[in-house]
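S.K.:
2 protein chains.
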Amino acid sequence: MLDERKASILRAVVEEYIQTAQPVGSGHVADAPGVSVSSATVRNEMAALESEGFLAQPHTSAGRIPTEKGYRYFVDALAQPSLDRSSAQQVRAFFDRAHGEIEQMLADTTRLLTGLTDYAAVVVGPPHEAAAVRSVQLVGLAPSVALFVAVLGNGAVEKRTIELGHDVDEVVLAATAEHLSTHGLGQPLAALAGSAPAANSSVEAVAARVRGALAVAATDAEHVFVNGASRISAAFDAVETVRSVLTILEQQLVVVTLLRDVVDRGLNVAIGSETGMQPLADCALVVAPYSIDGEQVGTVGVLGPTRMNYPQALAAVAVVGQRLGRRLSEG
Amino acid sequence: MLDERKASILRAVVEEYIQTAQPVGSGHVADAPGVSVSSATVRNEMAALESEGFLAQPHTSAGRIPTEKGYRYFVDALAQPSLDRSSAQQVRAFFDRAHGEIEQMLADTTRLLTGLTDYAAVVVGPPHEAAAVRSVQLVGLAPSVALFVAVLGNGAVEKRTIELGHDVDEVVLAATAEHLSTHGLGQPLAALAGSAPAANSSVEAVAARVRGALAVAATDAEHVFVNGASRISAAFDAVETVRSVLTILEQQLVVVTLLRDVVDRGLNVAIGSETGMQPLADCALVVAPYSIDGEQVGTVGVLGPTRMNYPQALAAVAVVGQRLGRRLSEG
DNA sequence: GTTGGCACTCGATCCTACCGAGTGCCAACG
DNA sequence: CGTTGGCACTCGGTAGGATCGAGTGCCAAC
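Residue numbers (this note's numbering), protein chains in the order written: chain A, 32 to 362; chain B, 32 to 362.
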C-alpha cells in the first residue's frame, strides 16, 4: 500500500511521536535511521502521506502526527512485537512462581502487565458456566438461608445465597446437594439450572430454588480484573480525558464487552474510534486471547494512549496471554 | 476554643471554599448567613484566625482558605452530619433490596457510597479468619492437586489450592475433610491451622499441607473494595496529584492499613497529613466502622479532597456503615 | 468595639512583539 | 526527472508590559 520510502518515513514519525508526544518535523525524520533522503524530500513525502490520510498537521507550520490510519498501518505493516530481555525474564519468573487461586493469579497477571508496559491492564477470566462442576454443596447459614457452593474444574468456586422461603433441615439440604451432584457433576454449571426434578418433594423444593438462583445470576458471570488505572493519568494531561477513561475502566461489564468486541472482530489492536467508545478516542487497546486446552476462554489486554509503544505492548500481551493459557491448562 | 463570631466566620469560609474552591474574601463572608458584621470586622477576625493557624492566604491580597487545622475545627465543632432526603431514601432502598453474596453486597456498597458522595469509596470487609467455619471440603482438581474450600458463617467462602506433592485418592481427601470438619466446625478458620493431627498417616499428610496453606495465606486475608476512583480526577486538576492518589488506591494493603490506622486512632475523619500518607496531603478520608452482632468487623469510608463536603460525607458514611452492619448481622 | 473609607498588593487576563520550528515552493543539480 | 538546498512564509509558544479587580491592612470616625 505504501512504497518503502513512505513506509519508513511513516515509521519514523510514529516512533518519534510515541517517544516525544510532539509533532514531528521533516528534519527529525531525515535524521532518523532508515531514512536516507533530505528533509526536503521528506517534506514532499509527508505532504503526500497527509493527503492520503496517514498523517495530520495540528496546524500549518507544525510537524506531523500520525492519524488513526497511520497508527493502523504502523501496527499492521511496520511494528514487529519485541520484548526486551528483562521483561521476558520477568514474565518467565512470574509464571514459574505463579500458583494458588485462579482469581489471585489473574489479578496478579494484570499487575504483571502494568509492570511490563506501564499501561492499564485488563484480564478477562474464563467464564464459570463453561467449566465442569467438580463438587456441589449446600450449607445452611440460617434456618431459611443456605449457601450453594460449586467447585469447578479450573479451581474456581461459584456460590449463590439461596433464600429458602421457610426453614429447611440440614438433612434436606444434604439430600438436595446429593441430588444435584448426581445430575450435575462433570457438566457445566449451566446444566444444573435445567437438571431433572427430584422425586422427594421437599428436596425438589430446595432444588428448584437453586436452579432459580443459578438462572438469575448467570448473567454477571464474567470475571474481569483491572489494574494500573493510575497509569492513565500519566498518559494524558487533560484531566477530563483521564476522568472519562477511568469511568470506563470502572464499569466491568463495559470493559468485558469492549474486549470481547475487539477479539470477535479478529483484531489484536483497537485504535481510537475503532474501540467504538467515544471516551476512548485517544486510547488504544492491545489484546490477546488465551486458551485453555486449545479453547479460547479469556483475554488479556492493555489500554493506553493511541501513541502507545505498540511493539512492546503487542509482545507483552502476546507472551503473557500465551503463558497464562499454558499455565491454566496445566491446572 | 473559638468565640462564636470567629467560629461562624470560619464556618462561612469553609463552606464557601468547599463550594467554590476559590479563596474566600471578607466580603463574601460578611454576606453569609450567620455572619452579621461588616466586612471590615470580618477582615480583622480573619487576620486573627490566620495568625492562630485556622486560615491561610495563598498570597497577600487574596482571600483565605482553610488550613488542616481549620478543617479539623470545622469537622469537630461546626459540622453536623446531614443527609438530604433523597440520599436517605437511596440508602434505605439499597439495603432493602440488598441480598446475595457478601462480596457482591460489599462491592455494591462502595457504588452506593460513590453515588451518594461523588467521592471514591472504600469498604473493608469482615476478616475471614474470625468467622466460624460451617463447612470444610477438599475437592480434587488433578491427581496431586486439591482445592480446600471452607464455607464461613457469614456466607464467605475461603479457598486454597493445595499442592499435595504426590497423587492422593479422593477417598483420602474426603477422609481428611472429615477429619478437619470434626475438629474445625464452629471455630474460626485460624483454629484449623493449629488443629490436632490425624491418626491415619496418609490423611495426616494431606491435613498437614492444608494447615500449611492456611498459615501461609492468612496474611492476605483482608478484603477491600474500592470504587469511584475516577471521582479523584474530578476533584483535582493537577494531574500529578491524581496519579499519586490513584496509585495509593490501587494498593489494597495500603488502603486497608490506612483505614485501620484511622479507626484505631479513634477518628472518623483524617484530614491531609493526618492520613500519614504524603500523596494524600490534599485529601481527606471520612470513615465509619460497622459492626456485626456488636463487634466491629469492618470499615466503610470515602476519600475526597480536603475541601470535601464533610457534613454530607459524615452522614453518608455513618448511615451506610450502620445499615450495612445491621444487614450483615441479620445474616 | 465596629464600621466605612482608602491606598495598596498582586494574581489573572489580555495584548503585543518576537522567536523559531516547520512548511511549501522553486530553482538548480546529477 | 527525482532529489536537494535555499528561501519566504506561517503560526503556536513564550516573554514582557499594561490593566483590572478582588481583596487586604490600616485608620479615622461613629
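For every residue, glycine included, the Cβ atom is placed at its ideal position computed from N, Cα and C.
The model shown is predicted, which means the values in this text are computed figures rather than measured ones.
Find the residues of chain B that neighbour Gly-186(A), judging by a C-beta separation of less than 7 Å, and give them in chain order.
M.R.: In the first sequence, the residue the question calls residue 186(A) occupies position 155. Chain B residues near Gly-186(A): Leu-172, Leu-178 and Thr-192.
S.K.: Name the one or two DSSP bridge partners that Ala-151(A) has.
M.R.: Locating residue 151(A) in the first sequence gives position 120, counting from the first residue. Its beta-bridge partners are Leu-334(A).
S.K.: Can you tell me whether Gly-352(A) is helix, strand or coil according to DSSP?
M.R.: To locate residue 352(A), count along the first sequence from 1; it is residue 321. Correct three-state label for Gly-352(A): helix.
S.K.: Can you list, in chain order, the residues of the region 280-297 of chain A whose Cβ is nearer than 9 Å to any Cβ on chain B?
M.R.: Answer in chain order: Leu-280 and Glu-281.
S.K.: Take Ala-208(B) as the anchor and find which of Gly-196(B), Val-247(B), Arg-165(B) and Val-44(B) has the nearest alpha-carbon.
M.R.: Residue mapping note: residue 208(B) aligns to position 177 of the second sequence, counting from 1. Cα-wise, what sits closest to Ala-208(B) is Arg-165(B).
S.K.: Take the Cβ of Gln-50(A) as the centre, count every other Cβ of all protein chains shown within 10 Å, and call the residue buried at 16 or more, exposed below.
M.R.: Taking the first sequence and counting its residues from 1, one reaches residue 50(A) at position 19. Exposed, since its Cβ has fewer than 16 Cβ neighbours within 10 Å.
S.K.: Under the DSSP definition of a beta bridge, which residues are partnered with Pro-320(B)?
M.R.: Here residue 320(B) refers to the residue found at position 289 of the second sequence. Partner(s): Thr-330(B).
S.K.: Using DSSP with H/G/I as helix, E/B as strand and the rest coil, what is Phe-85(B)?
M.R.: The residue given as residue 85(B) occupies position 54 in the second sequence. If DSSP states are grouped into helix, strand and coil, Phe-85(B) belongs with coil.
S.K.: Please name the residue, chosen from Leu-316(B), Arg-36(B) and Asp-127(B), that lies closest to Leu-280(B) on a Cα-to-Cα basis.
M.R.: What you label residue 280(B) is simply residue 249 of the second sequence in a count that begins at 1. Nearest C-alpha to Leu-280(B): Leu-316(B).
S.K.: Using three-state DSSP, classify Ser-175(A) as helix, strand or coil.
M.R.: Within the first sequence, residue 175(A) is the residue found at index 144, counting from 1. DSSP places Ser-175(A) in coil when its eight states are reduced to three.
S.K.: Cβ closer than 8 Å: which chain A residues qualify as neighbours of His-130(B)?
M.R.: Mapped onto the second sequence, residue 130(B) falls at position 99. Thr-192 and Glu-194, listed in chain order.
S.K.: For the region 144-170 of chain A, list every residue whose C-beta sits within 7 Å of some C-beta in chain B, in sequence order.
M.R.: Those residues of the region 144-170 of chain A that come within reach of chain B (Cβ to Cβ, closer than 7 Å) are Arg-165, Ser-166, Gln-168 and Val-170.
S.K.: On the criterion of 16 or more Cβ atoms from any shown chain inside 10 Å, does Glu-47(B) qualify as buried, or is it exposed?
M.R.: Reading the second sequence from its first residue, position 16 is the one you call residue 47(B). By the neighbour-count rule (16 or more Cβ atoms within 10 Å), Glu-47(B) is buried.
S.K.: Between the Cα of Val-188(A) and those of Leu-195(A), Phe-179(A) and Gly-196(A), spot the shortest distance and give me the residue it belongs to.
M.R.: Residue numbering aside, residue 188(A) sits at position 157 when the first sequence is read from its first letter. When only C-alpha atoms are compared, the closest one is Phe-179(A).
S.K.: Nearest to Gly-156(B) by alpha carbon, out of Glu-132(B), Asp-149(B), Ser-175(B) and Val-176(B)?
M.R.: As a working mapping, residue 156(B) is identified with position 125 in the second sequence. Considering only alpha carbons, the answer is Glu-132(B).
S.K.: Residues of chain B with CB under 9 Å from Val-270(A), in chain order?
M.R.: Position 239 of the first sequence, counted from the first residue, corresponds to residue 270(A). Chain B residues near Val-270(A): Ser-264, Ala-265, Phe-267, Asp-268, Ala-269, Val-270 and Val-273.
S.K.: Can you give, in chain order, each stretch of the alpha helix (DSSP H) that sits fully within the region 226-276 of chain A and has at least 4 residues?
M.R.: Here the runs fully enclosed are 232-248 and 261-266.
S.K.: Does any residue of chain A bring its CB to less than 8 Å from the CB of Ser-261(B)?
M.R.: What you label residue 261(B) is simply residue 230 of the second sequence in a count that begins at 1. Yes, its Cβ sits closer than 8 Å to a Cβ of chain A.
S.K.: Out of Gln-53(A), Leu-144(A) and Glu-99(A), point me to the one whose CA is closest to Val-318(A)'s CA.
M.R.: Taking the first residue of the first sequence as position 1, residue 318(A) is located at position 287. Answer by Cα proximity: Leu-144(A).
S.K.: Just to confirm, are Ile-114(B) and Val-350(B) a CB contact at a threshold of 8 Å?
M.R.: Within the second sequence, residue 114(B) is the residue found at index 83, counting from 1. Within the second sequence, residue 350(B) is the residue found at index 319, counting from 1. A quick correction: the sequence has Leu, not Ile, at residue 114(B). It is a contact, given that the beta carbons lie within the stated cut-off.
S.K.: How about Ile-323(B) and Leu-359(B): do their beta carbons lie closer than 8 Å?
M.R.: As a position in the second sequence, residue 323(B) is number 292, starting the count at 1. As a position in the second sequence, residue 359(B) is number 328, starting the count at 1. Cβ distance < 8 Å, so Ile-323(B) and Leu-359(B) count as in contact.
S.K.: Return yes when the Cβ of Gly-329(A) is within less than 8 Å of the Cβ of Pro-320(A), no when it is not.
M.R.: Indexing the first sequence from 1 puts residue 320(A) at position 289. Indexing the first sequence from 1 puts residue 329(A) at position 298. Yes, these two residues count as a Cβ contact at 8 Å.
S.K.: Looking at C-alpha atoms only, which residue of Ala-227(A), Ala-221(A) and Asp-149(A) is the closest neighbour of Ala-246(A)?
M.R.: As a first step, residue 246(A) must be located in the first sequence, where it is residue number 215. Closest by alpha carbon: Ala-221(A).
S.K.: Label Glu-76(A) either buried or exposed according to how many other C-beta atoms from any shown protein chain fall within 10 Å of its C-beta, with 16 as the threshold for buried.
M.R.: Counting from 1 along the first sequence, the entry for residue 76(A) is found at position 45. Looking at its Cβ environment, which holds 16 or more other Cβ atoms inside 10 Å, Glu-76(A) is buried.
S.K.: For chain B, find out if any of its Cβ atoms is closer than 8 Å to the Cβ of Thr-278(A); answer yes or no.
M.R.: Looking up residue 278(A) in the first sequence gives position 247. Thr-278(A) counts as touching chain B.
S.K.: Does the beta-carbon of Val-202(A) have 16 or more other beta-carbons within 10 angstroms, so that it is buried, or is it exposed?
M.R.: Here residue 202(A) is taken as the residue at index 171 of the first sequence, counted from 1. That one is exposed.
S.K.: Select from Ser-57(B), Ala-163(B) and Ile-193(B) the residue whose C-alpha is nearest the C-alpha of Leu-172(B).
M.R.: For the purposes of this step, residue 172(B) is taken as the residue at position 141 of the second sequence. Per the Cα distances, Ile-193(B).
S.K.: Could you tell me whether the region 96-107 of chain A touches the region 296-314 of chain A, where touching means 3 or more Cβ pairs closer than 8 Å?
M.R.: Because the criterion of three Cβ pairs below 8 Å is met, the region 96-107 of chain A and the region 296-314 of chain A touch.
S.K.: Round the Cβ separation of Leu-183(B) and Ala-162(B) to the nearest angstrom and send it over; I've been treating them as touching at under 8 Å.
M.R.: Within the second sequence, residue 183(B) is the residue found at index 152, counting from 1. Within the second sequence, residue 162(B) is the residue found at index 131, counting from 1. Correct: roughly 4 Å between the Cβ atoms.
S.K.: Using a Cβ-Cβ cut-off of 8 Å (strictly less than) and excluding sequence neighbours within five positions of Ser-175(A), which residues of its own chain qualify?
M.R.: Taking the first residue of the first sequence as position 1, residue 175(A) is located at position 144. Same-chain partners within the cutoff: Glu-194, Leu-195, Gly-196, His-197, Asp-198 and Val-199.
S.K.: On the DSSP letters alone, give me the boundaries of the beta strand (DSSP E) that Glu-194(A) sits inside.
M.R.: Position 163 of the first sequence, counting from 1, holds the residue named residue 194(A). Where Glu-194(A) is concerned, the enclosing beta strand (DSSP E) stretches over 188-194.
S.K.: I'd like the span of the beta strand (DSSP E) that includes Val-300(B), first residue to last.
M.R.: Taking the second sequence and counting its residues from 1, one reaches residue 300(B) at position 269. Counting along the chain, the beta strand (DSSP E) containing Val-300(B) begins and ends at 300-302.
S.K.: Val-106(A) by DSSP, collapsed to three states: which one?
M.R.: To locate residue 106(A), count along the first sequence from 1; it is residue 75. Val-106(A) falls in the helix class under three-state DSSP.
S.K.: Could you say which of Thr-141(A), Leu-41(A) and Ala-346(A) lies nearest to Pro-97(A) if we only look at CA atoms?
M.R.: For this step, residue 97(A) is matched to residue 66 along the first sequence. Nearest option by C-alpha distance: Leu-41(A).
S.K.: Mind reading off the beta-carbon distance from Val-44(B) to Val-60(B)? Whole number of angstroms is fine, and I expect it under 8 Å.
M.R.: Along the second sequence, read from residue 1 onward, the residue named residue 44(B) stands at position 13. Along the second sequence, read from residue 1 onward, the residue named residue 60(B) stands at position 29. Yes, Val-44(B) and Val-60(B) are in contact; Cβ-Cβ is about 6 Å, under 8 Å.
S.K.: Since Pro-97(B) sits in a beta bridge, which residues does DSSP pair it with?
M.R.: Along the second sequence, one-based indexing puts residue 97(B) at 66. In the DSSP output, where bridge partners are listed per residue, Pro-97(B) has Leu-86(B).
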